[in-house]
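Take a look at the structure set out below.
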Amino acid sequence: AVHTETHGFQTEVKQLLSLMAHSLYSNKEVFLRELVSNAADAADKLRFKALSNSELFENDGNLRVRLVIDKDNKTLTISDNGIGMSRDDVIEHLGTIAKSGTKAFFSQLSGDQAKDSQLIGQFGVGFYSAFIVADKVTVETRAAGEDSNRGVRWESDGDGSFTVADIEKTGRGTDVILHLREGEEEFLDDWRLRSIIGKYSDHISIAVEMWKDGEPEQTDEEGNVTAAATDGEWEQVNKATALWTRAKGDISDEEYQEFYKHISHDWQDALAWSHNKVEGNQEYTSLLYVPAKAPFDLYNREQSHGLKLYVQRVFIMDDAEQFMPTYLRFVKGVLDSNDLPLNVSREILQDNKVTAQLRKACTKRVLSMLEQMAKNDADKYQGFWKEFGNVLKEGPAEDYGNREQIAGLLRFASTHNDSDAQTVSLSDYLERMKEGQDKIYYITADSYAAASHSPHLEIFRKKGIEVLLMWERVDEWLMNHLSDFQDKQFVSVTKGELDLGELDDEETKKAQEEAKEALKPLLERVQTALGDEVKEVRLTHRLTSTPSCVVAGEHDMSTQMIKLMRAAGQ
Ligand code: ADP
Ligand code: MG
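Numbers 4 to 573, taken from full-length UniProt numbering, label the letters of the sequence shown in order.
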């Protein structure tokens, strides 16, 4: 090997490797899922690139991954003939963690292993999981279309650095050679490996092969040949049919979950999914998942998101964000279209009629999946709401057409429960409205405590009228885009002249009129004293025990919004 260099791992990789070495996962076999998943991705990428340059197949278009056991040397090799990597690719992909926000994520690690392993679970470790079972990993790879002398060998014992050297490699693709740790010999067992592959890798679209020895010649007692010797052969050990192309009824929940982990790089089960095959005007299959836990970078706007796009079963791209609105960016899944051209690019997708239709359809699928969940399993929906509720609240602003449906999915805290649990739906609220009430009352504040103790609520509590309590940063934004629900207007209890309409009885109204006359001189004095500091001083009936409060004008920004804008530097 020539031109050998030693590189240090990125700090975050070092942290990750040391966490794993301390047996982070009780479920060690998942390393195989990760490595086979990478091989399948490499096959997908090659098929895609070969659409425009078939020479990349080097006359071998039969893409597969092979497991090779070497008991003498205690190695297990995962070998693919996919896209392969150049020297630069190797240094970048097998020395760093590319995801943006990684640094911030790792800075949250506490050093407490139990806590950290929880955290790392939502991160996903991919290739580096090789070190769960290996104390040395060698990767030999060559990029498709390159000469055989452009091979690269990467090697590391996971201790902080790795070496890279140029090698000769005839076969295209990547071999990952695991030098198994003492005590991990079970991963040299043929049957053990077959069962792991069956468990995790049936649904991926590439064949996983293992060598099956031939039989020697069989003879009877007289020495007559009863069966000729057979050759050994590579045998496919997984189903290798892309999961979404199979009939729903033939797919088990476990298979759906495994497929989810393959496409999402999540280590945990998904919360729900929706699998649909559509024929007719548009022809497509979608398989959309809602994760159970928010990724660490949910609020990182640069983080890629979107669906895995296939056209007529050929992989086209990851993270096709055109098919999901931003407020549903947590959704993972696959979209396989028969209507888009195979040479589709991000630019073509951007401004395309088919894209727009698919986006609309996928959005509807997700919204109705969430509606079903809310209806059939309120606890599960609460779990969803906790993780993703604040993202969904971006919906009414972004997706005007679906705002009523999105509004139906929102959950709030309210004075009805006197707790900060966000469990009240707008339909719940409507059902509990008082006789004569035709508005949905809400308050936004800095915190739950500030909202629930606001003097603005006094009159509502006294009259037994429910008020929705909001204190998340996004709530103000939400309420600016949500004017009504089922024809009932939203009214902030902190804004403008409070007209309780039918809810005020005649006697109260009369008393209020009298008070207005009697207190006129007082109001004038206060107005003079405060001068330009305020727009207007007026009498209110909304307070029952607090003497006065500041309110925003009906058409002005609320005090909460002003704070928000200031915080944003405007
Ligand atoms: P992820 O699969 O989530 O991107 P991994 O840690 O599993 O993360 O892999 C990191 C990167 O290394 C991959 O994105 C890919 O670019 C590269 N890689 C890993 N395994 C292979 C392989 N068998 N063939 C080609 N590239 C690979
Ligand atoms: Mg991976």
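In this text, a Cβ means the ideal position worked out from N, Cα and C, and glycines have one as well.
Within 8 angstroms: the Cβ of residue i and any heavy atom of the ligand MG?
i       : result
Glu-261 : no
His-206 : no
Ser-307 : no
Glu-149 : no
Ser-164 : no
Could you tell me the boundaries of the alpha helix (DSSP H) in which residue i lies?
i       : result
Leu-97  : Here Leu-97 belongs to no alpha helix (DSSP H), and DSSP marks it neither H nor E.
Asn-41  : 33-53
Ile-81  : Looking at the DSSP string, Ile-81 is not in any alpha helix (DSSP H); the run it does join, the beta strand (DSSP E), is 78-83.
His-10  : Where His-10 is concerned, there is no enclosing alpha helix (DSSP H), although the beta strand (DSSP E) it sits in stretches over 5-11.
Ile-72  : Counting along the chain, Ile-72 falls outside any alpha helix (DSSP H), though it belongs to the beta strand (DSSP E) covering 67-73.
Gln-492 : First-last for Gln-492: 491-495, but that is the beta strand (DSSP E), not the alpha helix (DSSP H).
Ser-267 : 256-267
Arg-414 : Premise fails: Arg-414 is in no alpha helix (DSSP H) and is neither H nor E.
Gly-392 : 381-395
Ala-400 : 398-401
Phe-165 : Looking at the DSSP string, Phe-165 is not in any alpha helix (DSSP H); the run it does join, the beta strand (DSSP E), is 164-170.
Met-482 : 476-483
Please report the distance separating the alpha-carbon of residue i from that of residue j.
i       : j       : result
Leu-181 : His-206 : 24 angstroms
Ser-428 : Leu-290 : 28 angstroms
Glu-409 : Lys-465 : Note that residue 409 corresponds to Ile in the displayed sequence, not to Glu. Going by the C-alpha atoms only, they are around 31 angstroms apart.
Met-320 : Pro-344 : 13 angstroms
Thr-426 : Phe-387 : 12 angstroms
Ser-430 : Ala-453 : 25 angstroms
Leu-79  : Val-167 : 20 angstroms
Glu-527 : Asp-535 : 13 angstroms
Val-228 : Tyr-203 : 42 angstroms
His-419 : Glu-469 : 6 angstroms
Glu-407 : Phe-488 : 6 angstroms
Phe-333 : Gln-306 : 11 angstroms
Ser-164 : Gln-13  : 9 angstroms
Leu-74  : Arg-145 : Before going on, a small fix: residue 74 reads as Lys here, not Leu. Rounded to whole angstroms, Lys-74 to Arg-145 spans 26 angstroms at the Cα level.
Lys-498 : Val-540 : 14 angstroms
Asn-41  : His-10  : 23 angstroms
Ser-89  : Glu-350 : 27 angstroms
Asp-478 : Lys-396 : 7 angstroms
Lys-523 : Gln-515 : 12 angstroms
Gly-235 : Val-71  : 14 angstroms
Val-140 : Glu-224 : 50 angstroms
Asp-423 : Val-537 : 33 angstroms
Thr-173 : Leu-97  : 22 angstroms
Ser-82  : His-6   : 24 angstroms
Leu-59  : Ala-45  : 13 angstroms
Gly-226 : Asn-62  : 45 angstroms
Arg-197 : Leu-38  : 15 angstroms
Just checking residue i against the ligand ADP - is the residue's beta carbon closer than 8 angstroms to any of the ligand's heavy atoms?
i           : result
Ile-86      : yes
Phe-130     : yes
Asp-83      : yes
Gly-176     : yes
Asn-355     : no
His-10      : no
residue 634 : With the chain running from 4 to 573 in the structure shown, residue 634 is simply not present.
So who's on the other strand from residue i, going by DSSP bridges?
i       : result
His-419 : Answer is none; His-419 lacks a bridge partner.
Ser-336 : Contrary to the premise, residue 336 reads as Gly rather than Ser in this sequence. Paired residues: Leu-291.
Asn-279 : Ser-289
Val-427 : Phe-415
Arg-541 : Partner(s): none; Arg-541 has no beta bridge.
Lys-139 : His-182
Thr-222 : Val-228
Since residue i is in the beta strand (DSSP E), which residue starts that stretch and which ends it?
i       : result
Gly-201 : First-last for Gly-201: 193-203, but that is the alpha helix (DSSP H), not the beta strand (DSSP E).
Tyr-445 : 442-447
Ile-135 : Looking at the DSSP string, Ile-135 is not in any beta strand (DSSP E), and its letter there is neither H nor E.
Leu-181 : 176-183
Glu-212 : 210-215
Leu-471 : 471-473
Arg-464 : That residue, Arg-464, is in no beta strand (DSSP E); its alpha helix (DSSP H) goes 461-466.
Thr-229 : 228-230
Ile-319 : 317-323
Leu-310 : 310-314
Glu-149 : Looking at the DSSP string, Glu-149 is not in any beta strand (DSSP E), and its letter there is neither H nor E.
Glu-236 : 236-239
Please indicate yes or no: does the CB of residue i lie closer than 8 angstroms to some heavy atom of the ligand GDP?
i       : result
Val-136 : You won't find the ligand GDP in this model; what it holds is the ligand ADP and the ligand MG.
Exercise for the section: Check whether the region 459-471 touches the region 364-382, counting contact only when three or more Cβ pairs, one atom from each stretch, lie closer than 8 angstroms. Expected result: no
Handout entry: Meets three-Cβ-pair contact criterion under 8 angstroms: the region 169-179 and the region 106-114
Key = no
Practice task
Could you say if the region 45-52 and the region 155-170 meet the contact criterion of at least three C-beta pairs nearer than 8 angstroms?
Solution key: no
Exercise for the section: State whether the region 262-277 contacts the region 355-363, with contact taken as three or more CB pairs (one from each stretch) at a distance under 8 angstroms. Expected result: no
Practice task
Give a yes or no on contact between the region 333-347 and the region 304-319, applying the rule of three or more CB pairs nearer than 8 angstroms.
Solution key: yes
Exercise for the section: Spell out a yes or no on whether the region 278-294 and the region 361-370 are touching, meaning 3 or more CB-CB pairs, one atom from each, closer than 8 angstroms. Expected result: yes
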